[in-house]
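J.: Shown below is the structure under consideration.
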Amino acid sequence: MRVVRTVAQLREALEYMRQGGHTPIGFVPTMGYLHEGHASLLRRAGEMSSTVVMSIFVNPLQFGPNEDFASYPRDEVRDLELAEREGADIVFIPSVEEMYPQPIRTKVSVSSLTTQLCGASRPGHFDGVTTVVSKLFNIVQPDYAFFGLKDAQQVAVLRRMVSDLNMNVEIIACPIVRENDGLALSSRNVYLSAQERSQALVLSRSLQSVRQAMEEGKVRTVDDARNLLVSVISSSPLAVIDYAEILTFPELETLDGSSLLTDADGEIIMALAVKFGRTRLIDNNVFIPKEAHALV
22 MRVVRTVAQL REALEYMRQG GHTPIGFVPT MGYLHEGHAS LLRRAGEMSS TVVMSIFVNP
82 LQFGPNEDFA SYPRDEVRDL ELAEREGADI VFIPSVEEMY PQPIRTKVSV SSLTTQLCGA
142 SRPGHFDGVT TVVSKLFNIV QPDYAFFGLK DAQQVAVLRR MVSDLNMNVE IIACPIVREN
202 DGLALSSRNV YLSAQERSQA LVLSRSLQSV RQAMEEGKVR TVDDARNLLV SVISSSPLAV
262 IDYAEILTFP ELETLDGSSL LTDADGEIIM ALAVKFGRTR LIDNNVFIPK EAHALV
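Under the numbering used here, the first residue of the sequence shown carries the number 22, and numbering increases by one thereafter.
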């Protein structure tokens, strides 16, 4: 495994791999503090690619002024051990100065998809994501890029960016990886106290409750499903709901609250953002309502 820290070094390493026929190239962009979710992305990249590139970069553009950029967890030694164990060929770890050597005047912005969910709660966040990912795509020029569905909105936004701008890369969405008790893996889980972590299990429980109620025919409308989500989450005393929404996916369009879930064409997303103390966690479930057994 080769570790590079400059754009020039990365391009040189990738050119060597391409000349040696080590293609296709799979790319896993991360902000580090890696966990099993990231490991699953690397494994999927290894299955589909001859060369696997991972980037580790905490991108300041996607953090708001009162968010946790300075305190975001970092552990390069541990990250590199995981990356090597999971088969990464090249790890790109640039500094902020390397990625943004001068004040950036050009940004990439995806409209509409970024006004809902985390886009509404974190203004400018997705402009930071799409800008840095487009830079990384231009640098790496991968055939495939791998992202976890825990941030399903990010997947939808990046797929639209790639489509609209004719980028020659395929976005591969990979399943959410969870702890045995159901908590979705996140680098921010380290912030949780023992009590907060215990109560955070309400996120996956609320999603499961709605799916089960749908399958049993107890929940039929969008409002019914949303109300049940909120009710289950609110049973946790420490939970402060940012949003609990049900939208079309990947368009992220609002559904009429009185409409039957089975009237939705294609997939929908139940998406949550909830704070436990200082820690904001997200979770979701993407599915096709017409496949819920009791509602077919």
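Cβ coordinates follow ideal geometry from the N, Cα and C atoms, glycine included.
I'd like to confirm the pairing. Which residues does DSSP put opposite V261 in its beta bridges?
T.: For V261, the beta-bridge partners assigned by DSSP are K296.
J.: Could you check the C-alpha separation between I303 and Y264 for me, to the nearest Å?
T.: Note on geometry: alpha-carbon atoms of I303 and Y264 lie some 9 Å from one another.
J.: Identify the continuous alpha helix (DSSP H) that holds M120 and give its terminal residues.
T.: V117 to M120
J.: By Cβ distance below 7 Å, which residues in the same chain neighbour S61 in space, the five residues on each side in sequence not counted?
T.: Hits under 7 Å: C195 and V198.
J.: Just verifying my parser: in three-state terms, what is the DSSP assignment at G12?
T.: The chain is shown from 22 up to 317; residue 12 falls before or after that span and cannot be answered.
J.: Mark I125 as exposed unless 16 or more other C-beta atoms lie within 10 angstroms of its C-beta, in which case mark it buried.
T.: Classification for I125: exposed.
J.: Which residues bound the alpha helix (DSSP H) around L147?
T.: The sequence as given places Phe at residue 147; Leu does not occur at that position. Where F147 is concerned, the enclosing alpha helix (DSSP H) stretches over H146 to V161.
J.: So what does DSSP say about R99, is it helix, strand or coil?
T.: helix
J.: Does the beta-carbon of Y37 have 16 or more other beta-carbons within 10 angstroms, so that it is buried, or is it exposed?
T.: exposed
J.: Can you tell me whether DSSP reads L316 as helix, strand or coil?
T.: Annotation note: pLDDT 40 at L316 (below 50); position unreliable, coordinate value reported separately. Under the three-state reduction of DSSP output, L316 falls in the helix class.
J.: What first and last residue would you give for the alpha helix (DSSP H) that runs through G67?
T.: G67 -> alpha helix (DSSP H) spans E57 to M69.
J.: Pick from I267, M52 and S280: whose alpha carbon is nearest that of V154?
T.: Selected option, being the one with the closest Cα: M52.
J.: Any beta carbon of chain B sitting closer than 7 Å to that of K171?
T.: This model lacks chain B altogether; it includes just one protein chain.
J.: Counting along the chain, where does the beta strand (DSSP E) carrying V73 start and finish?
T.: T72 to I77
J.: Go ahead and label V317 buried or exposed: buried means 16 or more other beta carbons lie within 10 angstroms of its beta carbon, across all protein chains shown.
T.: Model confidence at V317 stands at a pLDDT of 38, short of 50, so the residue's coordinates are unreliable; what they give is reported in the following sentence. V317 is exposed by the Cβ-count criterion.
J.: What's the call for Q174, buried or exposed, on a 16-neighbour Cβ count within 10 Å?
T.: buried
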